[in-house]
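A short write-up of the structure that comes next.
Number of protein chains: 2
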Amino acid sequence: MVTRHIVAPGGGAGVKLARGEQLRLIDIEGGQTGDLMAFSLDGSERLSNGCSFDYNGKILLSTGDVLWSNRSNPMLTIVADDVGRHDFLYASCSVEMYRMQYGVTGYHANCADNLRAALRELGLEPGTLPTAFNFFMNVDVQPDGRLKILPPRCRKGDSMVLRAEMDLAIAVSACPAGTCNDGPPRSLAFEVGTGTRSGA
Amino acid sequence: MVTRHIVAPGGGAGVKLARGEQLRLIDIEGGQTGDLMAFSLDGSERLSNGCSFDYNGKILLSTGDVLWSNRSNPMLTIVADDVGRHDFLYASCSVEMYRMQYGVTGYHANCADNLRAALRELGLEPGTLPTAFNFFMNVDVQPDGRLKILPPRCRKGDSMVLRAEMDLAIAVSACPAGTCNDGPPRSLAFEVGTGTRSGA
């Protein structure tokens, strides 16, 4: 059985995953990036890019790689990936980021607030968010360390699948930032399934 | 006036900095790396590598670059740097890391515990630590995203100076990990001064 959730353009949504369940993140319109956050159900463990970089020995993660928690436990394993290029460096976009980088004076929808709201709906108080896994976001680290945000490689219908390695609270945001998407903010979808089909 | 603090090999220490004060991190023996953590005094803001990468547009930070908080405020500006190569990707070493990567079965001194203890001594409850600024740690990101830890470039007496852009609680750990130092764990020093001398 597969349950599908739609994430509105610039919006967020959350879901709980039992260990062994699989989460499919889907670019249903094309060129849309998203932020993925994972917490253990008691809130004591959360996604850690620093541990993930260390234990995978690399910053570009794809099929077969594991997203680790701050307590050095596996949270999610990437079991399938149509896109193959994601970012785990950038902080989630925030009201402050839109103010500083886009000159937005009022409120602007943002991934940090989306992730926090989705976690709160699942009963977790997120506190300071760690870096999200910015799926489909395409960032190049140049030899001198400079960062270049490139158009995402995802096309309509592309997806990636992650298997939960512990019971998890998951938050997904469809990023509203103009710089990382290929076009205006669009919707995303995610599906939760038991993963009985190979890679599904 | 300058106050000098010694950080024992594999140990940690903390200090409060008033806005405008300068912190000099010193490799007093040569080849020793360290972890630097910064919190606002009320604990609501903490070092964010994700915001620092975004707002500096790069992952390799040196003179003139700013270490930003999770709330998009400047915490520290690097005003002088003899070494020029630091890491802001790796999670602080932890008991779990020594268990997984070194096969250590009992307790092992580690930067995460050192930073937490130093922050607690300053009256802050750190919760989940963000990624520390791993000063003098030399990490190469290869074109395919693989990480390579290289010997640090710091020599005896080398230092870097950071200016506090807000009132801060600072924690420093002299990293006990064999992989990132050039030799066995050694001590570090840091000095706090008013920065009236140019770059000092």
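So the protein lines, in turn, are chains A and B. For the record, in the first sequence the residue sitting at position 65 is 65 according to our numbering, with numbers rising by one throughout. For the record, in the second sequence the residue sitting at position 183 is 183 according to our numbering, with numbers rising by one throughout. Glycine included, every Cβ here is placed at the ideal spot set by N, Cα and C.
At a cut-off of 9 angstroms between C-beta atoms, residue 57 of chain B counts as an interface residue with respect to chain A. Only residues of its own chain outside the window of five on either side were considered, and among them 31, 32, 33, 152 and 175 have a CB closer than 7 angstroms to the CB of residue 181 of chain B, listed in chain order. Cα atoms of residue 19 of chain A and residue 194 of chain A: separation of roughly 10 angstroms, rounded to the nearest angstrom. Counting of Cβ neighbours within 10 angstroms places residue 65 of chain A among the buried residues, the total reaching 16 or more.
For residue 131 of chain A, the neighbours in chain B by C-beta distance under 7 angstroms run, in chain order, 50. Taking a cut-off of 8 angstroms for Cβ pairs, the region 49-64 of chain A and the region 75-84 of chain A touch, as three or more such pairs fall below it. Taking the C-beta atoms as reference points, residue 139 of chain B is found no nearer than 9 angstroms to residue 23 of chain B. The three-state secondary structure of residue 191 of chain B, taken from DSSP, is strand. Closest option to residue 91 of chain A, judged by alpha-carbon separation, among B/109, B/69 and B/13: B/69.
Look at residue 152 of chain A: its C-beta is not under 9 angstroms from any C-beta on chain B. Annotated as proximal: residue 169 of chain A and residue 39 of chain A, with beta-carbon spacing under 9 angstroms. In the DSSP assignment, residue 7 of chain A falls within the unbroken beta strand (DSSP E) covering 3-7. The DSSP-derived three-state label of residue 139 of chain B is strand. Closer than 9 angstroms to the CB of residue 97 of chain A there is at least one CB belonging to chain B. Boundaries of the alpha helix (DSSP H) harbouring residue 99 of chain B: 95-102, taken from the DSSP string. From the beta-carbon of residue 100 of chain A, the residues of chain B found nearer than 8 angstroms are 55 and 72. At a Cβ-Cβ threshold of 9 angstroms, residue 173 of chain B and residue 122 of chain B do not count as neighbours.
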